[in-house]
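Read through the structure below, which is laid out as structure tokens, and then see the notes.
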Amino acid sequence: MELVNVDEGQPNLQPLTSEQHAKATNKTVVHPDECYRMIRRVTDERRFKQDPYLEKFGLTVDVDEMLMLPARILPPPKIIYKSSHGAQGDVIERVQIGKWWLNNRFDKTCEIRTWAVVLVSEREPDNRQIRLTRDFAQRISQAMSKYDIRFNSSPIEKFDAAVPQTILARMNELKMQEYEVIIYILDQVDDEIYHLIKYFGNIKIGMVTQCIRFDQLVSNSDPREMDMYIQNLVEKFNARLRGVNQLVSLMPALISPLARSNIFMFFGIDCTHITCSHVRPSIVAVVGSKDSTNTQYAARILQQFPQKEKIAFAIINDLHKYVVELIRVFSNH
């Protein structure tokens, strides 16, 4: 037996699990009303008006009330899909509480000629796992045809161990055989395997991948639940295949006398920290729309190593360069 004292503040080089990420997010997200009360409580406790240090520096803090900024509520956008009945043309889907339902077809889809389904597991798959995997492969092609995504062949099925070298070798093999899409079903594997698949597919090899948890297939085994689960996957699946899911109606902007000033661009920026070390870099993604409809986009994905090993910075190096590149893509589109 050995007694070990762990000093506070030592770096933990292990990646956070999905559950830890969720707990951290829930802890940091604060409702605006609660945030207001917290700020007011700090100003009351600190007594900035009587602070001698602020007075010596000639600083004053107005603690009577927060600064009020004028704002306006934007009208909800009109989301245009292709009608599922064909002859009726385009259909406008109304947004309700930030959501809209997929009752129609995407604006532009692709035909998938060759695709694969790979079950990645820590152990040899049993008959139940194989049956659920094959059933899902059949169901997903049928469900996506509703949105005009067409699979022109049956998938090849593979079962691999959760070993990085095995996963990389399989992806290289399927890439050489000109497979267009790989759907990974992950059974009881940690988040590191998921990050490796995304790293291999997005950065190292260039392969369209879609990861699905096996426990999600089990919990959504009912046909109606499975259709709803696939519906949640289909939008990002089509976008990764360079399809166009929907269009945003620009008619209000086009008929406005200030039409030119209403041309706008969407940006999305994220930085994922797998570990805080020089061995495993953070993955940075900067995404910009190619037009004002936000239906097609360009991305810059890169690795970023921290300057100090104990700290994972959320600051993206040379961000201005990637923003300029994406603005040029927008301008030339």
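Sequential numbering of the sequence shown, starting at 52, is according to the numbering used here. Ideal placement from N, C-alpha and C gives every residue a C-beta, glycine not left out. The model shown is predicted, which means the values in this text are computed figures rather than measured ones.
With a Cβ-Cβ cutoff of 8 Å, do residue i and residue j count as a contact?
i: Ile244; j: Ala213; result: yes
i: Thr160; j: Gly294; result: yes
i: Val337; j: Tyr373; result: yes
i: Leu353; j: Val375; result: no
i: Asn296; j: Glu286; result: yes
i: Glu208; j: Ala188; result: yes
i: Tyr230; j: Ala290; result: no
i: Ile131; j: Leu298; result: yes
i: Val80; j: Phe99; result: no
i: Ile263; j: Tyr235; result: yes
i: His384; j: Asp342; result: yes
i: Asp158; j: Lys129; result: no
i: Phe251; j: Leu225; result: no
i: Asp199; j: Arg156; result: yes
i: Gln180; j: Asp238; result: yes
i: Phe420; j: Met316; result: The question about residue 420 has no answer here: the residues shown for the chain are numbered 52 through 384.
For residue i, tell me which candidate among the options has the shortest Cα-Cα distance.
i: Thr217; options: Ile378, Thr111, Leu247, Tyr348; result: Leu247
i: Leu170; options: Leu353, Val240, Ser343; result: Val240
i: Ser205; options: Ile163, Arg92, Leu353; result: Ile163
i: Asp266; options: Val380, Leu183, Pro83, Phe99; result: Leu183
i: Thr165; options: Glu59, Val259, Gln355; result: Val259
i: Glu173; options: Asp186, Phe210, Tyr198, Ala188; result: Phe210
i: Gly257; options: Met227, Gln180, Asp278, Val269; result: Met227
i: Gln355; options: Thr323, Asp141, Val112; result: Thr323
i: Ser196; options: Val55, Lys249, Tyr87, Asn154; result: Asn154
i: Leu67; options: Asp199, Val232, Asp242; result: Asp242
i: Ala194; options: Leu284, Asp158, Met117; result: Leu284
i: Asn203; options: Lys341, Val232, Asp102; result: Val232
i: Arg379; options: Glu96, Asp177, Ala350, Gln71; result: Ala350
i: Leu292; options: Asn253, Pro62, Glu144; result: Asn253
i: Ser300; options: Asp186, Pro126, Gln180; result: Pro126
i: Leu377; options: Gln282, Pro332, Gly319; result: Gly319
i: Leu110; options: Glu116, Asp102, Ile124; result: Asp102
i: Arg88; options: Tyr104, Asn63, Thr76, Glu116; result: Glu116
i: Ser333; options: Phe317, Asn178, Asn368; result: Asn368
i: Gln261; options: Glu276, Glu106, Met222, Ser382; result: Met222
What is the residue span of the beta strand (DSSP E) that residue i lies within?
i: Ile233; result: 232–238
i: Asp321; result: 318–323
i: Val337; result: 333–340
i: Gln354; result: 348–355
I need the boundaries of the alpha helix (DSSP H) containing residue i, first residue and last residue.
i: Cys86; result: 83–97
i: Ala73; result: 69–79
i: Ala194; result: 178–196
i: Gln228; result: Premise fails: Gln228 is in no alpha helix (DSSP H) and is neither H nor E.
i: Ser272; result: Here Ser272 belongs to no alpha helix (DSSP H), and DSSP marks it neither H nor E.
i: Leu370; result: 370–383
i: Pro103; result: 103–107
i: Leu292; result: No alpha helix (DSSP H) contains Leu292, which DSSP labels as neither H nor E.
i: Leu247; result: 242–250
Can you check DSSP and say which residues form a bridge with residue i?
i: Ile143; result: Ile131
i: Val169; result: Lys209, Tyr235
i: Cys262; result: Tyr235
i: Val214; result: DSSP lists no partner for Val214.
i: Arg201; result: Glu162
i: Leu54; result: The partner list for Leu54 (beta bridge, DSSP) is empty, contrary to what the question assumes.
i: Leu298; result: Ile131
i: Arg156; result: Lys133
Any C-beta of chain D sitting closer than 8 Å to the C-beta of residue i?
i: Thr217; result: Chain labels in this structure do not include chain D; a single protein chain is all it has.
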